[in-house]
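Read the structure below first, then the notes.
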Amino acid sequence: MTALIRYRQEAGRATVTLDNPEKRNAINLAMWRELRRVIEAASEDEGVRCVVLVGAGEHFAAGGDLEEFLTLRATLEQALVYHEEVAGALTAIRHCQHPTLAMIRGACIGGGLEIAACCDIRVCDASARFGAPISKLGFSMYPGELSGLLKTCGQATVAEMLLEGRVLDAAEAARKNLVSRVVAPEDLQGEVDAAVRRILAGAPRVASWHKHWMRRLAHDAPLADEEKAAAFAFLDTKDYREGLRAFMEKRQPRFTGN
Amino acid sequence: MTALIRYRQEAGRATVTLDNPEKRNAINLAMWRELRRVIEAASEDEGVRCVVLVGAGEHFAAGGDLEEFLTLRATLEQALVYHEEVAGALTAIRHCQHPTLAMIRGACIGGGLEIAACCDIRVCDASARFGAPISKLGFSMYPGELSGLLKTCGQATVAEMLLEGRVLDAAEAARKNLVSRVVAPEDLQGEVDAAVRRILAGAPRVASWHKHWMRRLAHDAPLADEEKAAAFAFLDTKDYREGLRAFMEKRQPRFTGN
Amino acid sequence: MTALIRYRQEAGRATVTLDNPEKRNAINLAMWRELRRVIEAASEDEGVRCVVLVGAGEHFAAGGDLEEFLTLRATLEQALVYHEEVAGALTAIRHCQHPTLAMIRGACIGGGLEIAACCDIRVCDASARFGAPISKLGFSMYPGELSGLLKTCGQATVAEMLLEGRVLDAAEAARKNLVSRVVAPEDLQGEVDAAVRRILAGAPRVASWHKHWMRRLAHDAPLADEEKAAAFAFLDTKDYREGLRAFMEKRQPRFTGN
Chain F
1 MTALIRYRQE AGRATVTLDN PEKRNAINLA MWRELRRVIE AASEDEGVRC
51 VVLVGAGEHF AAGGDLEEFL TLRATLEQAL VYHEEVAGAL TAIRHCQHPT
101 LAMIRGACIG GGLEIAACCD IRVCDASARF GAPISKLGFS MYPGELSGLL
151 KTCGQATVAE MLLEGRVLDA AEAARKNLVS RVVAPEDLQG EVDAAVRRIL
201 AGAPRVASWH KHWMRRLAHD APLADEEKAA AFAFLDTKDY REGLRAFMEK
251 RQPRFTGN
Chain X
259 MTALIRYRQE AGRATVTLDN PEKRNAINLA MWRELRRVIE AASEDEGVRC
309 VVLVGAGEHF AAGGDLEEFL TLRATLEQAL VYHEEVAGAL TAIRHCQHPT
359 LAMIRGACIG GGLEIAACCD IRVCDASARF GAPISKLGFS MYPGELSGLL
409 KTCGQATVAE MLLEGRVLDA AEAARKNLVS RVVAPEDLQG EVDAAVRRIL
459 AGAPRVASWH KHWMRRLAHD APLADEEKAA AFAFLDTKDY REGLRAFMEK
509 RQPRFTGN
Chain B
517 MTALIRYRQE AGRATVTLDN PEKRNAINLA MWRELRRVIE AASEDEGVRC
567 VVLVGAGEHF AAGGDLEEFL TLRATLEQAL VYHEEVAGAL TAIRHCQHPT
617 LAMIRGACIG GGLEIAACCD IRVCDASARF GAPISKLGFS MYPGELSGLL
667 KTCGQATVAE MLLEGRVLDA AEAARKNLVS RVVAPEDLQG EVDAAVRRIL
717 AGAPRVASWH KHWMRRLAHD APLADEEKAA AFAFLDTKDY REGLRAFMEK
767 RQPRFTGN
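Protein chains in written order, with our numbering: chain F, 1 to 258; chain X, 259 to 516; chain B, 517 to 774.
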């Protein structure tokens, strides 16, 4: 079987491509598993500073691979395995230590929308459209997949997409803050490159600290004393001293990740 | 006493009309009770697929019926009864098994805003305005009513409406995602009809499953194994098989609710 | 040492000015302490009805005073003290009994953004810009400071500002509901004055009740019976009776805070 997830790494940027363009990058079970594997590997890789998720061709991803549902998701046992794999891949994206960015053209539907919603940043062009009209397919979204969508999009927008089966265009998605920003098709790659440069200009470990605290604060429980102390892990790093020094000397910092 | 809540049902669509136009549909205690009753009945009714809430005449609802406050809400005991009734009606809307849609013209103020915020989808025309300037009346919103507002509108927008007493026009409400969308007055009925058609095109039980999971995931507690299994209730339905088959055969599905 | 926090009170409006314009109102430890002190005093002051936070000159505040970090925040012990002071000042703003309004021009960055996010209402002019590009300085935001930002701005916008280090202009901040509204520079003072007038037109105690319930409902725990009863504290006030009476008589109410 050909791998339908491509992985490329260059100068701190990992690019994960959903590569099934004849099916508008519909995601099958093997792809979900591979997606989880490459994201978890990228998360552990010290050479990676930023992960860009993108679809091959004109679309991000049009959803799950429905044909498989008749064979690989036919029983309750299968369904639990299948969707825990999907949820596992989404959790891997959310827990990735490095900032994740979805670069979105065309259809960002169903599983594609779930992936994009679990990324930290979503940049799209005017061709993008967003939704999950699965009520027309007769099934409901797995709660482990729905949770990420709710965190990013909020209840009202999710209700519109799931209950009404509405598909939002790029402008409406921007108005509802479902995407971070919309650009013209010819500017999409440039905007993503600029975002990656901004991410790479920061100290490497700061991003994973921020991601940790953002996840932690989503839970309504007070911080323990050890957690408060852990929030100052930066004090012992060379990058912190370099960052402050560069600021005082009005020059660009040279971060090493130490 | 004339019933000031009208209920009509036709082809899967239930329409609940706040019908007190001389008072801009100000809602009195009898109306809150009746609202709860008709919504709970619609929720149980298998013939209903979608509930549209609308105000008679040029307004959605201008708030509670203040004259009553001097007689029916004068003591703490009365107030607890009164506002638990209001909160009960709002909870009935939120827990309605079928998608709920507020169709909004003119004033959507106080209790009217509370009702709209508990619906899944809010469509308004350019005449709509939103707020709850009750600080000028010298009383605070009951927490059981405030909670729905916070879930839909978010803390910052609620602060503007409650603390500043600001009333938002349709454009600002759209920018703040307080409404799902705004259309011209002559297009409002058409937009609502289109939304209802989209809802009716989905499998009946999927909507109530989605509504259940959206409410459940608002609580920060992990899913039990039984809950995960329950998320696949669709596997045993004819509608799920019909939905997938129709998709494969590139035709419209014929759902039966089974 | 000159006090770099100025406090003025006039006709129910307290104005707190960050006054360190040579450093674009960068906030040092002494200022955080003083900010907490004046806000806590204003909160207790029955003569105050509304607190406006503003920066002297062309900026709101450009962040913390970084030079101090090398001396006053060098060790873990120092850092815990330092940032608990910052978090304490932010909590004082959030818990202030009276509505708080940030009036924003120019840089609203880092600590400045944290302050603005803890206010109830944010009004800015077109010169405002928002962000926290501290990844370039090599340190992460203290969770006790990050939490207020997440509550107001939401996870997606915070991710853009912290992970990407992006600075948002006024229009984008409005689209993302990071500010309540944007006006032209020449209209900023007028818009803030109008907001203050709207706040002053309300009954004094209603604002603090609403602030209490909004904070309380951010926690996912059911209300106790005593809390439900406490929600009707207004029943025993003269202002409630005056508010209703004025409404019936179609005149402006005269509130006394009793």
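Each residue gets a CB set at the ideal place from its N, CA and C atoms; glycine is no exception.
So residue i is in the beta strand (DSSP E); what residue range does that whole segment cover?
| i | result |
| --- | --- |
| E410/X | Note that residue 410/X is Thr in the sequence shown here, rather than Glu. Taken as a continuous stretch (DSSP letters only), T410/X belongs to no beta strand (DSSP E), being part of the alpha helix (DSSP H) at 401 to 411. |
| R757/B | That residue, R757/B, is in no beta strand (DSSP E); its alpha helix (DSSP H) goes 754 to 764. |
| A618/B | 616 to 620 |
| D741/B | Premise fails: D741/B lies in the alpha helix (DSSP H), 741 to 746, not in any beta strand (DSSP E). |
| L311/X | 308 to 313 |
| L18/F | 13 to 18 |
| D383/X | 379 to 383 |
By a C-beta neighbour count over all protein chains shown, 10 Å radius and 16 as the cutoff for buried, is residue i buried or exposed?
| i | result |
| --- | --- |
| E550/B | buried |
| Q97/F | buried |
| L534/B | buried |
| M161/F | buried |
| H477/X | exposed |
| P701/B | exposed |
| A174/F | buried |
| R509/X | exposed |
| L328/X | exposed |
| N516/X | exposed |
| M507/B | The structure shown does not extend to residue 507/B, since chain B spans only 517 to 774, so no value can be given for it. |
| G448/X | exposed |
| M619/B | buried |
| D494/X | exposed |
| T410/X | buried |
| M214/F | buried |
| A765/B | The question names Ala, but residue 765/B is Glu in the sequence shown. Looking at its Cβ environment, which holds fewer than 16 other Cβ atoms inside 10 Å, E765/B is exposed. |
| R688/B | It is worth fixing the name first, because residue 688/B is Glu in this sequence and not Arg. It is buried - the Cβ of E688/B has at least 16 other Cβ atoms within 10 Å. |
| A332/X | exposed |
Within the continuous alpha helix (DSSP H) that includes residue i, where are the two ends?
| i | result |
| --- | --- |
| V464/X | 462 to 475 |
| Q336/X | 334 to 353 |
| A557/B | 545 to 560 |
| G131/F | No alpha helix (DSSP H) contains G131/F, which is instead part of the beta strand (DSSP E) from 129 to 131. |
| C634/B | 627 to 634 |
| E268/X | No alpha helix (DSSP H) contains E268/X, which is instead part of the beta strand (DSSP E) from 263 to 268. |
| E68/F | 66 to 72 |
What whole-angstrom Cβ distance do residue i and residue j have, given they're in contact under 8 Å?
| i | j | result |
| --- | --- | --- |
| A365/X | R282/X | 6 Å |
| L739/B | P401/X | 6 Å |
| L475/X | L150/F | 6 Å |
| G628/B | A595/B | Contact flag wrong, Cβ pair sits at about 20 Å. |
| R363/X | F318/X | 6 Å |
| L662/B | I631/B | Not quite, the Cβ-Cβ distance comes to about 13 Å (not below 8 Å), so this is no contact. |
| A42/F | V51/F | 5 Å |
| L684/B | F646/B | 5 Å |
| A686/B | A747/B | Rounded, the Cβ-Cβ distance is 37 Å, inconsistent with contact. |
| H726/B | L421/X | 6 Å |
| A350/X | R307/X | Not a contact, Cβ separation roughly 17 Å. |
| Y82/F | L29/F | 6 Å |
| G315/X | Q267/X | Going by Cβ atoms, the distance from G315/X to Q267/X rounds to 21 Å, so no, they are not a contact pair. |
| R456/X | G165/F | 5 Å |
| F247/F | L582/B | 6 Å |
| A580/B | I543/B | Here residue 580/B is Gly; the residue named in the question, Ala, does not match the sequence. Going by Cβ atoms, the distance from G580/B to I543/B rounds to 6 Å, so yes, they are a contact pair. |
Given 7 Å as the limit, tell me if residue i has its C-beta closer than that to any heavy atom belonging to the ligand NAP.
| i | result |
| --- | --- |
| V639/B | Absence of the ligand NAP from the depicted structure is noted, as is the absence of any ligand whatsoever, leaving it without description. |
Inset, instruction - Determine, using beta-carbon pairs with one atom in the segment 684 to 695 of chain B and one in the segment 633 to 645 of chain B, whether at least three such pairs fall under 8 Å. - result: A contact exists between the segment 684 to 695 of chain B and the segment 633 to 645 of chain B.
Inset, instruction - For the segment 341 to 358 of chain X and the segment 716 to 733 of chain B, state whether three or more C-beta atom pairs, one from each stretch, are separated by less than 8 Å. - result: At 8 Å Cβ cutoff, the stretches do not touch.
Inset, instruction - Decide if the segment 701 to 717 of chain B is in contact with the segment 667 to 680 of chain B; the criterion is three or more beta carbon pairs, one per stretch, under 8 Å apart. - result: Taking a contact to require three or more Cβ pairs closer than 8 Å, the segment 701 to 717 of chain B and the segment 667 to 680 of chain B do not qualify as touching.
Legend entry - Contact the segment 481 to 490 of chain X vs the segment 518 to 537 of chain B: 3+ CB pairs below 8 Å: In this structure the segment 481 to 490 of chain X does not touch the segment 518 to 537 of chain B; the number of beta carbon pairs closer than 8 Å is below three.
Legend entry - Complete beta strand (DSSP E) runs within the segment 412 to 450 of chain X (minimum length 3 residues, chain order): As far as the segment 412 to 450 of chain X is concerned, its whole beta strand (DSSP E) runs of at least 3 residues are 439 to 441.
Legend entry - At least three beta-carbon pairs within less than 8 Å, the segment 388 to 402 of chain X to the segment 500 to 514 of chain X: Flag = no, the segment 388 to 402 of chain X and the segment 500 to 514 of chain X do not touch.
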